[in-house]
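Number of protein chains: 2
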Amino acid sequence: MTPEQIQHGILQGNPAVQRRAMAKAITLLESTRPDHRVQADALLTSLLPHTGQALRLGISGVPGVGKSTFIEALGLFLTRQGHRVAVLAIDPSSTVSGGSILGDKTRMEQLSVDPNAYIRPSPSSGTLGGVAEKTREAMLVCEAAGYDVVIVETVGVGQSEIAVHGMTDMYCVLQLPNAGDDLQAIKKGVMERADLVVINKADIDPHAATRAQAQITSSLRLLGMHGHPEHAAHNEQLWQPRVLQLSALKAEGVEQFWQSVQDFRQLQTANGRLARRREQQSLAWMWERIDAGLKQAFQQHPKVQALLPQVVGEVSSGRLAASTAARQLLAAQAGP
Amino acid sequence: MTPEQIQHGILQGNPAVQRRAMAKAITLLESTRPDHRVQADALLTSLLPHTGQALRLGISGVPGVGKSTFIEALGLFLTRQGHRVAVLAIDPSSTVSGGSILGDKTRMEQLSVDPNAYIRPSPSSGTLGGVAEKTREAMLVCEAAGYDVVIVETVGVGQSEIAVHGMTDMYCVLQLPNAGDDLQAIKKGVMERADLVVINKADIDPHAATRAQAQITSSLRLLGMHGHPEHAAHNEQLWQPRVLQLSALKAEGVEQFWQSVQDFRQLQTANGRLARRREQQSLAWMWERIDAGLKQAFQQHPKVQALLPQVVGEVSSGRLAASTAARQLLAAQAGP
Numbered sequence: 001m002t003p004e005q006i007q008h009g010i011l012q013g014n015p016a017v018q019r020r021a022m023a024k025a026i027t028l029l030e031s032t033r034p035d036h037r038v039q040a041d042a043l044l045t046s047l048l049p050h051t052g053q054a055l056r057l058g059i060s061g062v063p064g065v066g067k068s069t070f071i072e073a074l075g076l077f078l079t080r081q082g083h084r085v086a087v088l089a090i091d092p093s094s095t096v097s098g099g100s101i102l103g104d105k106t107r108m109e110q111l112s113v114d115p116n117a118y119i120r121p122s123p124s125s126g127t128l129g130g131v132a133e134k135t136r137e138a139m140l141v142c143e144a145a146g147y148d149v150v151i152v153e154t155v156g157v158g159q160s161e162i163a164v165h166g167m168t169d170m171y172c173v174l175q176l177p178n179a180g181d182d183l184q185a186i187k188k189g190v191m192e193r194a195d196l197v198v199i200n201k202a203d204i205d206p207h208a209a210t211r212a213q214a215q216i217t218s219s220l221r222l223l224g225m226h227g228h229p230e231h232a233a234h235n236e237q238l239w240q241p242r243v244l245q246l247s248a249l250k251a252e253g254v255e256q257f258w259q260s261v262q263d264f265r266q267l268q269t270a271n272g273r274l275a276r277r278r279e280q281q282s283l284a285w286m287w288e289r290i291d292a293g294l295k296q297a298f299q300q301h302p303k304v305q306a307l308l309p310q311v312v313g314e315v316s317s318g319r320l321a322a323s324t325a326a327r328q329l330l331a332a333q334a335g336p
Numbered sequence: 001m002t003p004e005q006i007q008h009g010i011l012q013g014n015p016a017v018q019r020r021a022m023a024k025a026i027t028l029l030e031s032t033r034p035d036h037r038v039q040a041d042a043l044l045t046s047l048l049p050h051t052g053q054a055l056r057l058g059i060s061g062v063p064g065v066g067k068s069t070f071i072e073a074l075g076l077f078l079t080r081q082g083h084r085v086a087v088l089a090i091d092p093s094s095t096v097s098g099g100s101i102l103g104d105k106t107r108m109e110q111l112s113v114d115p116n117a118y119i120r121p122s123p124s125s126g127t128l129g130g131v132a133e134k135t136r137e138a139m140l141v142c143e144a145a146g147y148d149v150v151i152v153e154t155v156g157v158g159q160s161e162i163a164v165h166g167m168t169d170m171y172c173v174l175q176l177p178n179a180g181d182d183l184q185a186i187k188k189g190v191m192e193r194a195d196l197v198v199i200n201k202a203d204i205d206p207h208a209a210t211r212a213q214a215q216i217t218s219s220l221r222l223l224g225m226h227g228h229p230e231h232a233a234h235n236e237q238l239w240q241p242r243v244l245q246l247s248a249l250k251a252e253g254v255e256q257f258w259q260s261v262q263d264f265r266q267l268q269t270a271n272g273r274l275a276r277r278r279e280q281q282s283l284a285w286m287w288e289r290i291d292a293g294l295k296q297a298f299q300q301h302p303k304v305q306a307l308l309p310q311v312v313g314e315v316s317s318g319r320l321a322a323s324t325a326a327r328q329l330l331a332a333q334a335g336p
């Protein structure tokens, strides 16, 4: 398929052609070959006017919290209502193991064969930044193909959760009804980013779930108390994070979950925060990739590579101040 | 004073000469003139063999927690025991207000006239990274001058607390006996970094203080539960963060505080963690300054400056993908 055929397939193809074109596009975007990268950027720019209509939903939670079961239940609920659902993932551990949290599609048995669902495992190479970039670009491909709900899943690891928060409209955290679990989430800065907290497996111990719900609600109130960096204008209606109970296994609470998502979307569209969040995300992402690119070019510079081992040794042993070392290395790269 | 005279004054001067040489050295280190920077780096390298003997103590806490009162009580306690105490500060807000948390020395009335104490306000220009760099270098000057306890103070703002943690041997957080106060600290990632938590103003409401102590102790236990990134070797003795009550105003609990600091230092020296922490801090700091330098050079590049406004506009309006934009700007800087 040529890039033009891929573009055409994504925008106008029949279901089978479109699925193949999406896979081709994502493979092209994941390629590290410079000529592929040029084609991929051209493809991305041509698809961009057709993106942005979907709701982007981030889902995170520690292993064992039941994310796959929840996403399958939600996905099937949505496709039954006529939505088209894409599920993507960011799993930095897959770059180490070569595996992927979504590699084994049997984990979402029914959703993976649903013609209105598209499941793509986490890219499995590169740094977290690289993995997140590929997921972000795959999200745009799915949107151009007309998927109107894009779910980005991540495992409970601090940095990848921040990456998912940075590319979605609404960020949901799944929790177990355990003491300590919410403290971990607060510690990692996950809780303060949550637009919605879902206490999963609520059916197993309803009392514990209700206790956890009260505790997290109170934590969220305390966390919000000392002022958000983004101050609200007078009279502006702001979203208050909600805490829901749910049983993904029994598909109980999925409808209420989706109602909260709708409420969130309506409010954030009306007050302009959804558009502003996307704009800020795009610019933050651009700078993040620039920083990564600058660092990579620095580390690959021959003069830096020649000097670095010695400088690191001197800094480690306390013979050279860290700030002086930084200036020496920067001068080596910039020098004639 | 020539750089040689400054160096000599710091290392061998009588008290009056030394104090003047320290002030000159720190002023030189804070200068942005390129020729000063060269002299400053040479001075720093010449002082470096005489540094590293002090205990570096980081102190943070929200405004109103009583940091100045505590540091004055601690400083006077230490100078009475024959220690020489330097007090430095990182206050990024001073770059905005032009003021400084330690600018008004009357806040530490007795300590500021103590011949064995040296108090230096926060540098008041530049980014947080720049301010932290100057404080870090000032710390080395104090150590070379024979100060054996260096206290680095910061106000309760997330990023500057992380900077102080990144340049000290032991990181202490002052808390008020308030519900919610500890949650805020957990949220900002302050609590998980704490080696010692001090509940100040314990005399005002002993019951609340005891409740807070129990609550924070339990939070620390839960936060530590899910495994630290640095895993301990088998049988290795590790420091367990402590929670103390104190009344800085009445100077009650200062001795117990200092005993904990001694215990910490002894353990961390014996298990090698103090040396390793300093080595890691230096290397992390070097990379932090390199990143900042790379970004500055990028933003000042004429081709980047020419292209940036247009690219930012296209990314904001969704016409250009963030990752494509990053590649375009990086190519502009690298191009012929």
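Each protein sequence line maps, in turn, to chains A and B. In this text, residue positions in the first sequence follow UniProt numbering: the first is 1, and each later residue adds one. In this text, residue positions in the second sequence follow UniProt numbering: the first is 1, and each later residue adds one. All residues carry an ideal CB built from backbone N, CA and C; glycine is no exception.
What separation, rounded to the nearest whole angstrom, lies between the Cα atoms of residue i and residue j?
{"i": "T79/A", "j": "D114/A", "result": "8 Å"}
{"i": "R137/B", "j": "I90/B", "result": "Per the sequence shown, the amino acid found at residue 137/B is Glu instead of Arg. E137/B and I90/B: Cα-Cα distance of roughly 12 Å."}
{"i": "L140/A", "j": "S317/B", "result": "15 Å"}
{"i": "residue 360/A", "j": "Q266/A", "result": "Residue 360/A is absent from the model: chain A starts at 1 and stops at 336."}
{"i": "G98/A", "j": "V131/A", "result": "Its pLDDT being 45, under 50, G98/A is placed unreliably in this model, and the value from its coordinates should be taken loosely. So the two alpha carbons sit approximately 13 Å from each other."}
{"i": "P3/A", "j": "R33/A", "result": "15 Å"}
{"i": "V164/A", "j": "V190/A", "result": "11 Å"}
{"i": "Q240/B", "j": "S160/B", "result": "24 Å"}
{"i": "E230/B", "j": "F257/A", "result": "Reliability fails at E230/B, whose pLDDT of 48 lies under 50, so the model's placement of it is uncertain and no value is given."}
{"i": "A292/A", "j": "D203/A", "result": "45 Å"}
{"i": "A212/A", "j": "A212/B", "result": "21 Å"}
{"i": "V197/B", "j": "R277/B", "result": "19 Å"}
{"i": "W287/A", "j": "Q299/B", "result": "11 Å"}
Comparing C-alpha positions only, which one of the options sits nearest to residue i?
{"i": "A334/A", "options": "H301/A, T135/A and L43/A", "result": "H301/A"}
{"i": "L330/B", "options": "D263/A, G318/A and A297/A", "result": "A297/A"}
{"i": "N116/B", "options": "S31/B, Q268/B, Q53/B and F77/B", "result": "F77/B"}
{"i": "A54/B", "options": "L43/B, H36/B and R84/B", "result": "R84/B"}
{"i": "T217/A", "options": "L238/A, D195/A, E236/A and K201/A", "result": "D195/A"}
{"i": "E192/B", "options": "W287/B, M170/B, H207/B and G75/B", "result": "M170/B"}
{"i": "G129/A", "options": "L320/A, V198/A, A326/A and R289/A", "result": "R289/A"}
{"i": "E279/A", "options": "V312/B, F257/B and R211/B", "result": "V312/B"}
{"i": "S219/B", "options": "V243/B, S247/B, G253/B and D203/B", "result": "V243/B"}
{"i": "V17/B", "options": "M1/B, Q245/B, V261/B and L320/B", "result": "M1/B"}
{"i": "L320/A", "options": "Q310/B, T45/B and P15/B", "result": "T45/B"}
{"i": "residue 391/B", "options": "S124/B, G9/B and A21/B", "result": "Here chain B has residues from 1 to 336 only, and residue 391/B is not among them."}
Looking at the strands, I want to know which residues DSSP matches up with residue i.
{"i": "L244/A", "result": "V198/A"}
{"i": "V131/B", "result": "Answer is none; V131/B lacks a bridge partner."}
{"i": "V173/B", "result": "S60/B and V197/B"}
{"i": "I90/A", "result": "T154/A"}
{"i": "E252/A", "result": "S247/A"}
{"i": "V141/B", "result": "DSSP lists no partner for V141/B."}
{"i": "L55/A", "result": "V149/A"}
Go through its chain and collect everything with a Cβ distance to residue i's Cβ below 7 Å, but skip five positions before and after it.
{"i": "D205/B", "result": "P177"}
{"i": "I26/A", "result": "R120, A138 and V141"}
{"i": "A73/B", "result": "A248, A251 and V254"}
{"i": "K67/B", "result": "I59, G61, E153 and L174"}
Exposed or buried, residue i, counting other C-beta atoms within 10 Å across all chains shown (16 or more means buried)?
{"i": "E255/A", "result": "exposed"}
{"i": "K303/A", "result": "exposed"}
{"i": "H207/B", "result": "exposed"}
{"i": "D41/B", "result": "buried"}
{"i": "V38/A", "result": "exposed"}
{"i": "S122/A", "result": "buried"}
{"i": "Q7/A", "result": "buried"}
{"i": "T324/B", "result": "buried"}
{"i": "G52/B", "result": "exposed"}
{"i": "N200/A", "result": "buried"}
{"i": "T127/A", "result": "exposed"}
Got a sec? Which residues, its chain only, sit under 8 Å from residue i by beta carbon, not counting five neighbours each side?
{"i": "L11/A", "result": "L47, H50, A144 and A145"}
{"i": "M167/A", "result": "R56, G58, A132, T135, R136, M139, V152, Q281 and W285"}
{"i": "I71/A", "result": "I59, V87, M108, L111, I151 and E153"}
{"i": "Q237/B", "result": "L267, A270 and N271"}
{"i": "L28/A", "result": "P3, I6, H36, Q39, A40 and L43"}
{"i": "L307/A", "result": "Q328, L329 and A332"}
Which residues in the same chain as residue i place their Cβ atom closer than 6 Å to its Cβ, once the five residues preceding and following it in sequence are excluded?
{"i": "V150/B", "result": "A54, R56, A86, M139 and C142"}
{"i": "G227/A", "result": "Residue confidence is low: G227/A scores 43 on pLDDT, short of 50, so the model does not pin down where it sits. Its coordinate-derived value is still stated next. There are no such residues."}
Just to check, is the beta-carbon of residue i closer than 8 Å to a non-hydrogen atom of the ligand ADP?
{"i": "S260/A", "result": "With respect to small molecules bound, the structure shown includes none, and the ligand ADP cannot be examined in it."}
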